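*Asks:* Pasting a structure below so you can have a look.
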Amino acid sequence: MTMPYPTALVPCELWEGEAAAVLAEAAEAGRRAAAWVRSLPGPPVPSPVGAWLAGELPDVVEAVMGGLDPQDCDHMAPDGRVIGGTGGADPGMMEALAAVAGKAAEAGWLTPDQHVRLLAVASAVTGAVQLLVDDPGTAIRHGLLARQCAVIDHAAGTD
-11 MTMPYPTALV PCELWEGEAA AVLAEAAEAG RRAAAWVRSL PGPPVPSPVG
39 AWLAGELPDV VEAVMGGLDP QDCDHMAPDG RVIGGTGGAD PGMMEALAAV
89 AGKAAEAGWL TPDQHVRLLA VASAVTGAVQ LLVDDPGTAI RHGLLARQCA
139 VIDHAAGTD
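Residue numbers (our numbering): -11 to 147.
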């Protein structure tokens, strides 16, 4: 598969200082969301999903948002091959975020509001990564990543 445009049009370049503030805010939004996930009530009886909600999931949210990397975007190799970026997110962590929809359904002790907010956090974190993979310049320069952070904060009740 080849991209229909030259490599020069794939905006993986960081602008001096512009990205640093946005990435720092993304990391902070991830920390706030992780703290909210950790604050969710535990199950009445210990369960694997309860342990996952208290440990792995918030760690993933925090790590992904703190590790966002605009330089790790989709781009074209000199030979025309498309090289997929990860936005700085470990594929295993992205799998954990994708599992939220199924695992949250098993957390019957959470309220519907908490379920919805948990799904929104996972979705917005996944979306933040995808924005950087697809077009980091637009995501940073036009405030798309900042808007994802605002969604994360709202879903986590920290806005």
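Just so you know, even glycine gets a beta-carbon here, dropped at the ideal spot from N, CA and C. As the structure is a computational prediction, the values presented were derived from the model and not from experiment.
Can you list, in chain order, the residues of its chain whose CB lies under 6 Å from that of G72, leaving out five sequence neighbours each side?
*Replies:* Only D62 meet the Cβ criterion.
*Asks:* Based on Cα-Cα distance, which residue from A89, A12 and Q102 lies nearest to V25?
*Replies:* Nearest option by C-alpha distance: Q102.
*Asks:* I'd like to confirm the pairing. Which residues does DSSP put opposite M64 in its beta bridges?
*Replies:* The partner list for M64 (beta bridge, DSSP) reads V70.
*Asks:* Just to confirm my understanding: we take L107, look at its own chain, exclude 5 residues before and 5 after, and list those with CB closer than 7 Å. What are they?
*Replies:* Excluding residues within five positions, the ones whose Cβ falls inside 7 Å are V88, A89 and A92.
*Asks:* Taking the C-alpha atoms as reference points, what is the distance between S27 and R19?
*Replies:* Their backbone Cα atoms lie some 12 Å apart in a straight line.
*Asks:* Between which two residues does the alpha helix (DSSP H) harbouring A93 extend?
*Replies:* Note, A93: alpha helix (DSSP H), V88 to A93.
*Asks:* State buried or exposed for T114, treating a residue as buried only when at least 16 other CB atoms are found within 10 Å of its CB.
*Replies:* T114 is buried by the Cβ-count criterion.
*Asks:* Assuming W97 and P34 form a contact by the criterion Cβ under 8 Å, report the distance between their Cβ atoms to the nearest whole angstrom.
*Replies:* About 12 Å; that fails the 8 Å criterion.
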